[in-house]
Amino acid sequence: MRGWSLFWSGFFHPIFLPTFVALLAFWLQPFELLYYPPQLQMMILLQVFVMATALPMGAVLLLMRLNRVSSVMVENRSERSLPYLIQALCLASLVFVFRRMGVANVLVMSVVGAMLAVLVAWYINRRWKISAHAIGMGGMVAFIFTLNQSAHQPVFLPLLFAIIFAGIVGSARLQLQAHSPKQIYAGYFLGISCMLLAMLPYWLKI
Numbered sequence: 122m123r124g125w126s127l128f129w130s131g132f133f134h135p136i137f138l139p140t141f142v143a144l145l146a147f148w149l150q151p152f153e154l155l156y157y158p159p160q161l162q163m164m165i166l167l168q169v170f171v172m173a174t175a176l177p178m179g180a181v182l183l184l185m186r187l188n189r190v191s192s193v194m195v196e197n198r199s200e201r202s203l204p205y206l207i208q209a210l211c212l213a214s215l216v217f218v219f220r221r222m223g224v225a226n227v228l229v230m231s232v233v234g235a236m237l238a239v240l241v242a243w244y245i246n247r248r249w250k251i252s253a254h255a256i257g258m259g260g261m262v263a264f265i266f267t268l269n270q271s272a273h274q275p276v277f278l279p280l281l282f283a284i285i286f287a288g289i290v291g292s293a294r295l296q297l298q299a300h301s302p303k304q305i306y307a308g309y310f311l312g313i314s315c316m317l318l319a320m321l322p323y324w325l326k327i
């Protein structure tokens, strides 16, 4: 059981979720992305992976080498502040790049939602530990939900599976005793709220 909990915690590590969200966006094909050629999609996905996943992961590994964090999961609350700020900076840089490229708002706002959630999590982390896994999964669920009216593909099954996986990841974090139930539920609430808030202007235009 612990092995599966470690697997799901690793597979849905928050640092991977911006890339997963971008993949979902191109798969579900909201109207703004419907006619993006495959080459442009691959370029955007590569930028998301490098700036929102690879660079923050590299920073965490460097911090481990410098003994600033004890593991890639950054379990200790006192060690999380700097990784949160690095992740927020990487996401802010990605927003800037997307704006310069003229990338569709649906993708830009999804990154803004993630950045907002990370910044709020950083602030909360100064006094209380909150589940970054739950924040990320909640944000992914909220993102899929906001595409309900604009996606070219049906979103019911992706939304259902996202909710199921969010529950699995939350249960895995509890099984590993990495968080309390309150920290998990607070993470879901924060992730969903920040993503819905960021996507609201896009949703209202549909």
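Sequential numbering of the sequence shown, starting at 122, is according to the numbering used here. By construction, the Cβ of each residue, glycine as well, lies at the ideal position given by its N, Cα and C atoms.
One or two residues paired with residue i in a DSSP bridge
i           : result
residue 272 : 151
Three-state secondary structure (DSSP) of residue i
i           : result
residue 316 : helix
residue 126 : helix
residue 200 : helix
residue 232 : helix
residue 292 : helix
residue 189 : coil
residue 358 : As shown, the chain starts at 122 and ends at 327. That puts residue 358 outside it, with no answer to give.
residue 162 : helix
residue 301 : coil
residue 178 : helix
residue 218 : helix
residue 306 : helix
residue 195 : coil
residue 323 : helix
Contact set for residue i: own chain, Cβ-Cβ below 6 Å, skip 5 residues either direction
i           : result
residue 200 : 190
residue 263 : 313, 316 and 317
residue 291 : 255 and 305
residue 133 : 290
residue 231 : 142 and 264
residue 225 : 153 and 154
residue 269 : 276
residue 115 : Residue 115 is absent from the model: the chain starts at 122 and stops at 327.
residue 208 : 177 and 239
residue 195 : 201 and 204
Residue j beta carbon less than 8 Å from that of residue i
i           : j           : result
residue 319 : residue 210 : no
residue 204 : residue 181 : yes
residue 215 : residue 172 : yes
residue 287 : residue 309 : yes
residue 139 : residue 272 : no
residue 192 : residue 294 : no
residue 136 : residue 178 : yes
Same chain only: Cβ atoms within 8 Å of residue i, ignoring 5 sequence neighbours per side
i           : result
residue 202 : 243, 246 and 247
residue 122 : 296
residue 174 : 136, 137, 139 and 140
Beta-carbon contacts of residue i that lie in its chain and below 7 Å, excluding the five residues immediately before and after
i           : result
residue 206 : 243
residue 235 : 139, 212 and 260
residue 198 : 246 and 250
residue 321 : none
With a floor of 4 residues, list each alpha helix (DSSP H) that falls wholly inside the stretch 223 to 267, ordered by position along the chain.
226 to 246 and 253 to 267
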